[in-house]
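Enquirer: First the structure, which I've put down as structure tokens, then a few questions once you've had a look.
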Amino acid sequence: MSTKHSKAAAEFLENKKQAAWHDETLWMVREKRDQLSKKVPEWEELRNMACATKLYSNSHLDELLVEFERNARANGAHVYWAKDADEYCNIVYNILNQHGVKHFIKSKSMLAEECELNPFLQNKGIEVVESDLGERILQLMHLKPSHIVLPAIHIKREQVGELFEKEMGTEKGNYDPTYLTHAARKNLRQRFIHAQAAMTGTNFAVASTGEVVVCTNEGNADMGTSQPKLQIAAFGIEKIVPDRESLGVFIRMLARSATGQPVTTYTSHYRKPREGGELHIIIVDNGRSNILANPKHIKALNCIRCGACMNTCPVYRRSGGYSYTYFIPGPIGINLGMLKAPLHYHDNVSACSLCYSCSLVCPVKVDLAEQIYLWRQDLDKLGKANCMKKVMSGGMKFMMNRPQVFNMALSWAPQVNKMPRFLIYNGLNGWGKGREMPNFADESFNEMWKKGKVK
Amino acid sequence: MSSREDILQNIRRATYMKYEKPDLKPLEDVALSYPDRLEQFFLVMKQVGGEAVLLAKREDVNDFISRNYPEAMRVASNLEFVTCATCNPDRVEDPSELDGTDLAVIAGKIGVAENGAVWIEQDVKQRAIYFIAEKLIILLDRNHIVNNMHEAYKLIDTGKYGFGTFISGPSKTADIEQALVMGAHGSRSVVVALI
Ligand code: SF4
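Quick look at the structure:
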């Protein structure tokens, strides 16, 4: 059995050096996250509070969104509601069109990615410039992000050097990241200055103040919004937090989980339009309210898009973001894809070894692996489980209900050249096909966990 | 029906179970705190790629600048005691004029010991100055350093301009092969001068 994921993963693994680099680099990011989170003794309590706050806010969305709207309007912002991607794109277009905007600068927004805003605007003759360095590289290469926080993690410096040589006139053969970053700084500085409108995503929308909060390391969101006077921000309904006290909980975890920094360089609170300027805020549903009705999967709405579940995922690290068919890869992407359109995105469900590492690192306690396990059982109902997958489901259920057997099978794994039967049928096989390295570490995650090697 | 009503109705229909708002007090009570917040702030500023220095009084910033930024030609500040400033961002009509600023001197409100973030409540007409200057000096009262973000969020506000930002060290990126580079779009260097 080979899914779209396993085929794409095999391709990714053909470039062995690059694949090994990808794996090691993301693991390094994961380790940085471990170091930082270990320095916070109340880390687990933070996770509990973050999860509880999200469960509260996502079960009071009607009240909180209306509160946000009221406060944002009182601050002088324009507030719009978009049911779906189409409405969102049209709202953005109409704002830009009414202001005669032809040059538009954007900071990173997964929502814009989800709703395919850039192609929509470009088709209507508006030039969109991505200002996050990674996003800009990909935009110039006509590629999509392969990670939600580290969008260009699959691109090598030589590729960037060649691209910038063509696009920004950098020296031939100079692949130094500092040199290239500063060339982009200079190039984009002009774009910021000449843009007629700036758009940001939103990390958090605070109901009690009506402000949107944007976190970046580069300062690109702030460079954009401090030049042109027209600012647009959009957020999915689950980005709402009740107040600044709650916000503090998430801000303490976001960067520590994402990149192993104590906080992002900039945490900006946009409450009012600039003097003589305009602030337009779009609240977007696009399928999120349907997830609320799905109690088994409701915690997927907790996600603050930190990317930690990707960095830790053994499958993601070794197969790359492009091997998933949904635009968000990794454990959270598997789940969000299934919640969006299961018949369309079910291939990704196989991209999981059920090691549960994602569930353990997630700062807001999204039960990622548990949900993937549920999806696997549901594949049957969807008519998407072939005979092999049925064996897999049955096998997994057997194992998961018997932790000793599961652990034993894992501990045997390194010694045997052939994988234990249940793993052959869980989709790991397809993913691991292209690899020459042994499939199992000498110690399983569980063993390492017990010995305190993994925290 | 408007999209607004549609979305709100969908939400109401889909919400089965209401969860209580958690009490954050027990968490805040045990949150990271430091016997010497100043010392920790110095340490963490280094970690985030910036630097903290002590000044005896705020006027000393002029000396500090002439000693440490001899090459700075364009110095922007709206603080009246920064006498070496060559430009006042309050009097700039178009923020693009601030491009090419070598150094900006701005005022911070609250510093956070756990992460080196300093809260800037916009107090200047062109907020671009916080981001566009090549180098940044943030002046901060050394008694205004709190332990963690829980404490900070109880004290901050966005003021009359309706904007504020926590700045923790210089602008940075690792988007090219995870190699850390300072100076992506914002300031390449950040010094917090504690008074
Ligand atoms: S699911 Fe959790 S770990 Fe994954 S991106 Fe979202 S918040 Fe981060």
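These protein sequences, in sequence, are chains A and B.
Sequential numbering from 0 applies to the first sequence in numbering that gives the first Met the number 0.
Sequential numbering from 0 applies to the second sequence in numbering that gives the first Met the number 0.
No residue lacks a Cβ here, since even glycine has one placed at the ideal position from N, Cα and C.
#1: On the DSSP bridge assignment, give the partners of residue 163/B in chain order.
#2: Who are the Cβ neighbours of residue 402/A in its own chain at under 8 angstroms, not counting the five residues just before and after it?
#3: Report, in whole angstroms, the separation of the C-beta atoms of residue 305/A and residue 362/A, which I expect to be a contact under 8 angstroms.
#4: According to DSSP, residue 79/A sits in a beta bridge with which residue or residues?
#5: Per DSSP, what kind of secondary structure is residue 364/A in: helix, strand or coil?
#6: Go through its chain and collect everything with a Cβ distance to residue 87/A's Cβ below 8 angstroms, but skip five positions before and after it.
#7: At the 9 angstroms Cβ level, is residue 108/A part of the contact set with chain B, yes or no?
#8: Does the region 160-180 of chain B come within contact of the region 63-71 of chain B, defined as at least 3 CB pairs closer than 8 angstroms?
#9: Which partner residues does residue 211/A have in the DSSP bridge list?
#10: Determine the DSSP secondary structure at residue 214/B, reduced to helix, strand or coil.
#11: With 8 angstroms as the limit, tell me which residues of the region 138-169 of chain B have their beta carbon closer than that to any beta carbon of chain A; keep them in chain order.
#12: Determine the closest residue to residue 164/A out of 183/A, 152/A and 123/A, with distance taken between C-alpha atoms.
#13: Residue 192/B and residue 136/B - do their beta-carbons sit closer together than 9 angstroms?
#14: What residues in its chain sit with their C-beta under 8 angstroms from that of residue 148/B, if we drop five residues either side in the sequence?
#15: Could I get the ranges of all uninterrupted alpha helix (DSSP H) runs contained in the region 45-76 of chain A, with 4 residues as the minimum, in chain order?
#16: State yes or no: is the C-beta of residue 101/B within less than 9 angstroms of the C-beta of residue 124/B?
#17: Given this structure, state the Cα-to-Cα distance separating residue 212/A from residue 382/A, to the nearest angstrom.
#18: Please classify residue 16/B as buried or exposed, where buried requires at least 16 other C-beta atoms within 10 Å of its C-beta.
#19: What is the rounded straight-line gap between the Cα of residue 180/B and the Cα of residue 8/B?
#20: When you compare the region 321-330 of chain A with the region 162-179 of chain A, are there three or more beta-carbon pairs, one atom per stretch, that lie closer than 8 angstroms?
#21: Throw me the rounded Cβ distance for the residue 76/B and residue 104/B pair, which I believe falls under 8 angstroms.
#22: Among residues of its own chain, excluding the 5 on either side of residue 74/B, which ones have a beta-carbon nearer than 6 angstroms to its beta-carbon?
#23: Taking residue 263/A as the reference, give the member of 71/B, 162/B and 118/B with the closest Cα.
#24: So, using beta-carbon positions, are residue 178/A and residue 157/A closer together than 9 angstroms?
#25: Thinking C-beta only, is residue 230/A closer than 9 angstroms to residue 199/A?
#26: Beta-carbon within less than 8 angstroms of residue 338/A's beta-carbon, same chain only, minus the 5 sequence neighbours each way: which residues are those?
#27: The beta strand (DSSP E) with residue 51/B in it runs from where to where?
#28: Could you give the first and the last residue of the continuous beta strand (DSSP E) run that contains residue 198/B?
Expert: On the basis of the data shown:
#1: Paired residue(s): 268/A and 120/B.
#2: Reliability fails at residue 402/A, whose pLDDT of 45 lies under 50, so the model's placement of it is uncertain and no value is given.
#3: Between residue 305/A and residue 362/A the beta-carbon gap is near 6 angstroms, inside 8 angstroms, which marks them as a contact.
#4: Beta-bridge analysis with DSSP links residue 79/A to 281/A.
#5: Coil, per DSSP.
#6: Within the same chain, 81, 110, 114, 116, 233, 281, 283 and 285 come within 8 angstroms of residue 87/A by CB-CB distance, once the 5 residues on both sides are set aside.
#7: In terms of beta-carbon proximity, residue 108/A stays away from the interface with chain B, with every pair separated by 9 angstroms or more.
#8: The answer is no - the region 63-71 of chain B does not touch the region 160-180 of chain B, with fewer than three Cβ pairs under 8 angstroms.
#9: According to DSSP, residue 211/A bridges with 204/A and 269/A.
#10: Any answer about residue 214/B is impossible in this case: the structure gives chain B only from 0 up to 194.
#11: Only 147, 148, 149, 151, 152, 153, 155, 157, 160, 161, 162, 163, 164, 165, 166, 167, 168 and 169 from the region 138-169 of chain B bring a Cβ to less than 8 angstroms from some Cβ of chain A.
#12: Restricting attention to 183/A, 152/A and 123/A, the CA atom closest to the CA of residue 164/A is found in 183/A.
#13: The answer is yes: Cβ separation under 9 angstroms.
#14: Within the same chain, residue 148/B has close Cβ partners 111, 113, 114 and 116.
#15: For the region 45-76 of chain A, whole alpha helix (DSSP H) runs of length 4 or above, ordered along the chain, are 60-73.
#16: It is not a contact, given that the beta carbons lie outside the stated cut-off.
#17: Between residue 212/A and residue 382/A, the C-alpha separation is close to 42 angstroms.
#18: By the 10 Å Cβ count, residue 16/B comes out exposed.
#19: One C-alpha to the other measures close to 47 angstroms.
#20: In this structure the region 321-330 of chain A does not touch the region 162-179 of chain A; the number of beta carbon pairs closer than 8 angstroms is below three.
#21: Residue 104/B and residue 76/B do touch by the CB rule: their CB atoms are close to 4 angstroms apart, below 8 angstroms.
#22: The beta carbon of residue 74/B sits closer than 6 angstroms to those of 83, 84, 85 and 102, all from its chain and outside the five residues before and after it, given in chain order.
#23: The residue with the shortest Cα to Cα distance from residue 263/A is 118/B.
#24: The Cβ atoms of residue 178/A and residue 157/A lie no closer than 9 angstroms to each other.
#25: Yes. Within cutoff.
#26: Cβ neighbours of residue 338/A beyond the five flanking positions: 286, 289, 290, 293, 296 and 299.
#27: 50-53 is the extent of the beta strand (DSSP E) around residue 51/B.
#28: An answer regarding residue 198/B cannot be provided, because it is not within the stretch 0 to 194 covered by chain B.
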